[in-house]
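Q: Could you have a look at this structure, given as structure tokens, before my questions?
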Amino acid sequence: MAAVLRPGGLALDATAGNGHDTVFLAGLVGEGGRVLAFDVQAAAIAAARARVAAAGLTARVEFVHASHASIPDHVAPGSVAAVMFNLGYFPGGDHAVITRAGETLAALDAALDALKPGGILTVVCYPGHPGGDEESAAVLAWGREKSAEVCRREDTPRPAPFLVLVWKRDTPDH
Ligand SMILES: C[S@@+](CC[C@H](N)C(=O)[O-])C[C@H]1O[C@@H](n2cnc3c(N)ncnc32)[C@H](O)[C@@H]1O
4 MAAVLRPGGL ALDATAGNGH DTVFLAGLVG EGGRVLAFDV QAAAIAAARA
54 RVAAAGLTAR VEFVHASHAS IPDHVAPGSV AAVMFNLGYF PGGDHAVITR
104 AGETLAALDA ALDALKPGGI LTVVCYPGHP GGDEESAAVL AWGREKSAEV
154 CRREDTPRPA PFLVLVWKRD TPDH
């Protein structure tokens, strides 16, 4: 992220949650940059907004209380330097509200369209919770089609979270 997201850039946090990633992205885009942070839960938006405010970064962040499937309604194709997905549920909130494979894949396609050439998309997947296995497998299959890099530990007793990373090539065919 730090290698790609430069001051003045536009980044998307597709799953704001408690706002840790939003703060990280807002730090990288600098004063002239912008972060759009999506979440479907009002409690998550409130938590993320508070964390961003505590970090003094409010002016750089816009919150969208809607699904990340609505990315195309908020940004132009090819305008975004980096997109971060951190799947699963809202820690400390309702664990029944989770990201789900169908909507996640639609949002990943939308995010890839939103990325500019040379941009980066990262997805942290969480197998091991109800719904998480199916979603993780779907994201892996999606990533395979996009020549994604996968960072995954195989030596854990239970399935560990893993990272799927896609670079959008400098040519139009990603
Ligand atoms: C693991 S948490 C994200 C953690 C967060 N990035 C952080 O730094 O604290 C996953 C979040 O995804 C949100 N979520 C679930 N479905 C969503 C959707 N369709 N669009 C956007 N966010 C969604 C949940 O409400 C939850 O807050």
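Numbering-wise (the numbering used here), the sequence shown opens with residue 4 and increments by one. C-beta: ideal position from N, C-alpha, C; glycine also.
1) For residue 111 and residue 40, what's the separation of their Cα atoms in angstroms?
2) Applying the criterion that 16 or more other CB atoms from any shown protein chain within 10 Å of the CB defines a buried residue, is residue 71 buried or exposed?
3) How close, in whole Å, do the beta carbons of residue 12 and residue 117 come, if the pair is a contact with beta carbons under 8 Å?
4) Between residue 88 and residue 17, is the Cβ-Cβ spacing less than 7 Å?
5) For residue 8, which residues from the same chain have a beta carbon less than 6 Å from its beta carbon, with the 5 sequence-adjacent residues on both sides left out?
6) Report the residue from 147, 48, 82 whose alpha carbon sits nearest the alpha carbon of residue 113.
7) Grouping DSSP H, G and I as helix and E and B as strand, with all else coil, what is residue 27?
8) Do you know how far the Cα of residue 122 is from the Cα of residue 143?
9) Whole angstroms are fine: how far does the CA of residue 173 sit from the CA of residue 94?
10) Quick check on DSSP: helix, strand or coil for residue 177?
11) When the Cα atoms are used, what is the spatial distance from residue 177 to residue 115?
12) Let me know if residue 76 comes out buried or exposed under the rule of 16 or more other beta-carbons within 10 Å of its beta-carbon.
13) Going by DSSP, what residue range makes up the alpha helix (DSSP H) through residue 107?
14) Using the C-alpha atoms, what's the distance from residue 107 back to residue 165?
A: Answer, in terms of the structure:
1) 15 Å
2) Buried.
3) With 8 Å as the limit, residue 12 and residue 117 do not qualify as a contact, their Cβ atoms being about 13 Å apart.
4) yes
5) 14, 31, 84, 85
6) When each option's Cα is compared against that of residue 113, the closest is 82.
7) helix
8) Each residue's CA atom was taken as its position, placing residue 143 and residue 122 some 19 Å apart.
9) 36 Å
10) A caution first: residue 177 carries a pLDDT of 45, below 50, which makes its placement in the model unreliable, though a value can still be read off. In the displayed model, residue 177 falls within coil according to three-state DSSP, outside both helix and strand.
11) Here residue 177 scores only 45 on pLDDT, less than 50, and its place in the model is too uncertain to base an answer on.
12) exposed
13) 104 to 117
14) 16 Å
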